[in-house]
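Numbered per the working numbering, the sequence shown spans residues 13 to 562.
What follows is a single structure, written as structure tokens, with notes after it.
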Amino acid sequence: MKRLFVLFFLLITAGSFSQTKKIKVLSSEYSEADEKKYPGATILIGNVKIAHEGATLDCKQALLYKKENIFKALGEVVIEQGDSIIQYSDFAVYNGNTKRATSWGNVEVNDKEMKMSTDTLYFDRKEQVLYYQSGGTITDKKNTLKSRKGTYYLEEKKFSAKSRVTVVNPEHFLESNHLDYYTNSSLAYLYGPSTITNLKDSTKIYSERGFYDTNTEISYFVKRAKLFLKDRTVEGDSLYYDKRRGFASATNRIKVIDTIQNMVTKGNYAELYEEKDSLFIIKKAVAISVHDKDSMYVHGDKILVTGKSEERIVRIFNDVKIFKSNLQGKCDSIHTSQITGLTRMFRNPVLWSGKSQITGDSIQLLSDKETNKLDSLFVLQNAFMIEKDSLAIDDYNQIKGRNIYGKFEGNDLRTMLVKGNAESLYYSRDEETKKLETITKEIASDIEFTLENNEITQTKYFKKSEGKTFPPSEFPEDQKKFRGFIWRGKEQPLTMEDIFISDKDKSKVKLKDKKPILDKPKKEVLKAKRQFSKELEKKEKEKVYKFKKE
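Shown next, in the form of structure tokens:
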């Protein structure tokens, strides 16, 4: 039984070897043998042509090793495989058993889609793969690609390039250390640190994984994506960019840096239109501006930035909160003009500065356009300032008037002028014992206050009409709070993280009702995502082909 198995194995093995087709000589002007110089070889000279399994090879001179089924060609070597490719070189070695060819010396390959040139090229006919390892160039109707290492898959029309890769056309310059490029569609899939530079306006994109259509100039990136525009830088976990439309959208951990106005905008979904100079951000959106080495954070449900670099208008909508180390605030919406430096707070606005709470029908902040520092404060109509007494639960220093005008120095509030129907209520304590000594109520046309470290240190009255100082026991209980008094201390954001805590009760709102209109990305974004995801899945499943040197 064992002898029969061995005999069967030998027959199968012999049959498989016998199926290997031998290299066939179609023509040559002269042939000879020189066993001393070329043992086992047939020397072919002049118009040499051989054929092997659908491919032909032409050259000036050659050595044919019939036993090994190896052909060595010299001079004007041409390899043709049907109508798929034609290859030129100075030298070539072809192994009929492995169906592999090595060509060197001015190598050039042409097919219907591209032209490849390199110094040394390896061709695996079984896998239908061409590759080089010492530098090469591929040129198609759109782009010129160069790399140190490259592999071209004939059936897929895909070129996989590694190490010092560049793709150049009249409009763009792409650099990468690993990309797949399809010569029939001019699509590029990036798998390593890559930069795309627009040669017309110097716009740049950086990413470490993504997709780029060199025809439509549409790109989609999913790892460390950055878009460098003229006066903005956009970062995000994923980034879609349509250069021709001037449209970009980003998702998750977004950062938009305004390089002119020194402002940063963050969120988890953003849309940007270059021609309209507009930026829209939602999902934990926050605008950050630097004021004399101190940052101001403004959060809202939506942030809209429009206008050119020095004429920007910033609008922040719904449930707006502000945090700065020495100034906090809250309102429904904010409008900031970088032309005038004026920020306006709308609908039930409130500011906190140190221990003071400031409210009014409208609150406005004016910044110096040159230094970007806070300059002035305007509290218009029903202006109210409250300071909670730190030693008594229900005692509050109060200032009330028609309008309040404040002045900042070094970003700290230093002077305040209460203009029109001014009233003040002040609790005075002993500096050492902190015991409450008097309560003073004043009414005047105008009152001016000087502050240090956000606390009132000096008071000045204009056109004083009446006022009275009471011992604490004699002060009327019903006059402890001015009309319109509302203490909103629980709403104050005490840390930067507090601005993201919403006051709205969302427990009754279903998830399906909370999706904003712009939560659904554009159709073209979804298309690019699907296209790139499909390619990534294919890349993971693709068999890694290990080439062996001849």
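Beta carbons: idealized from backbone N, C-alpha and C, even for Gly.
The segment 388–442 is shown to contain whole beta strand (DSSP E) runs of 3 or more residues at 408–421 and 424–441, in chain order. Inter-residue distance for S101 and G108 is about 19 Å (C-alpha atoms, whole angstroms). Scanning T207, G479, V105 and G422 for the CA closest to the CA of E464 turns up G422.
Taken through DSSP and simplified to helix, strand or coil, I230 comes out as strand.
By the neighbour-count definition (other C-beta atoms within 10 Å, threshold 16), A404 is an exposed residue. Judged by DSSP in its simplified three-state form, D46 adopts coil rather than helix or strand.
In the three-state reduction of the DSSP assignment, S485 falls in the helix class. Straight across, the Cα-Cα distance linking S129 with Y144 is about 10 Å.
Note on Y42: under 16 other CB atoms within 10 angstroms of its CB, so exposed under the neighbour-count rule. If you draw a 10 Å sphere on the C-beta of R221, you find 16 or more other C-beta atoms in it, and that means buried.
At a Cβ-Cβ threshold of 7 Å, D387 and F420 count as neighbours. Straight through space, the alpha carbons of K472 and Q491 are spaced by roughly 22 Å. If you ignore the 5 residues before and after G432, its C-beta comes within less than 8 Å of the C-beta of G413, R414, N415, S457 and D458, all in its own chain and listed in chain order. In this structure, the CA atom of S206 is about 27 Å from the CA atom of N274. By alpha-carbon distance to K79, the top candidate from G501, P51 and V89 is P51.
Using a C-beta cut-off of 8 Å, the segment 314–323 makes contact with the segment 284–303, since at least three inter-stretch Cβ pairs fall below that distance. The alpha-carbon separation between D306 and S337 amounts to approximately 7 Å. Under DSSP, the beta-bridge partners assigned to Q470 are T462. Relative to Q376, the option among Q393, S368 and S231 whose CA is nearest is Q393. According to DSSP, T178 shares a beta bridge with K158 and E187. Take G353, set aside five residues on each side of it, and the residues of its chain with a beta-carbon closer than 7 Å to its own are L378, S379, D380 and K381, in chain order. When only Cα atoms are considered, Q99 and E65 end up about 16 Å apart. In terms of CA proximity to F512, V310 leads the group S440, Y408, I370 and V310. Judged by pairs of C-beta atoms under 8 Å, the segment 188–201 touches the segment 165–179, as three or more such pairs exist. Inside the segment 323–395, DSSP marks whole beta strand (DSSP E) runs of 3 or more residues at positions 325–336, 339–349, 354–358, 362–365, 368–371 and 374–379, from first to last along the chain. Secondary structure note for N280: its beta strand (DSSP E) is the uninterrupted segment M275 to Y285. In the three-state DSSP reduction, K502 falls in the helix class (H, G or I). For G58 and Y201, the gap between their C-alpha atoms comes out near 46 Å.
For M308, the enclosing beta strand (DSSP E) begins and ends at D306 to T318.
Boundaries of the beta strand (DSSP E) harbouring R265: F259 to D270, taken from the DSSP string.
Taking the Cα positions, T277 is about 54 Å away from K138. According to DSSP, Y164 shares a beta bridge with L142 and F171. Our two residues, L291 and D243, have alpha carbons roughly 13 Å apart in a direct line. In the assembly as shown, P505 is a buried residue. Its beta-carbon has 16 or more other beta-carbons within 10 Å. Of the other Cβ atoms in all chains shown, fewer than 16 fall within 10 Å of the Cβ of A45; this residue is therefore exposed. Of all alpha-carbon atoms in E399, N196 and K385, the one lying nearest the alpha-carbon of V302 is that of K385.
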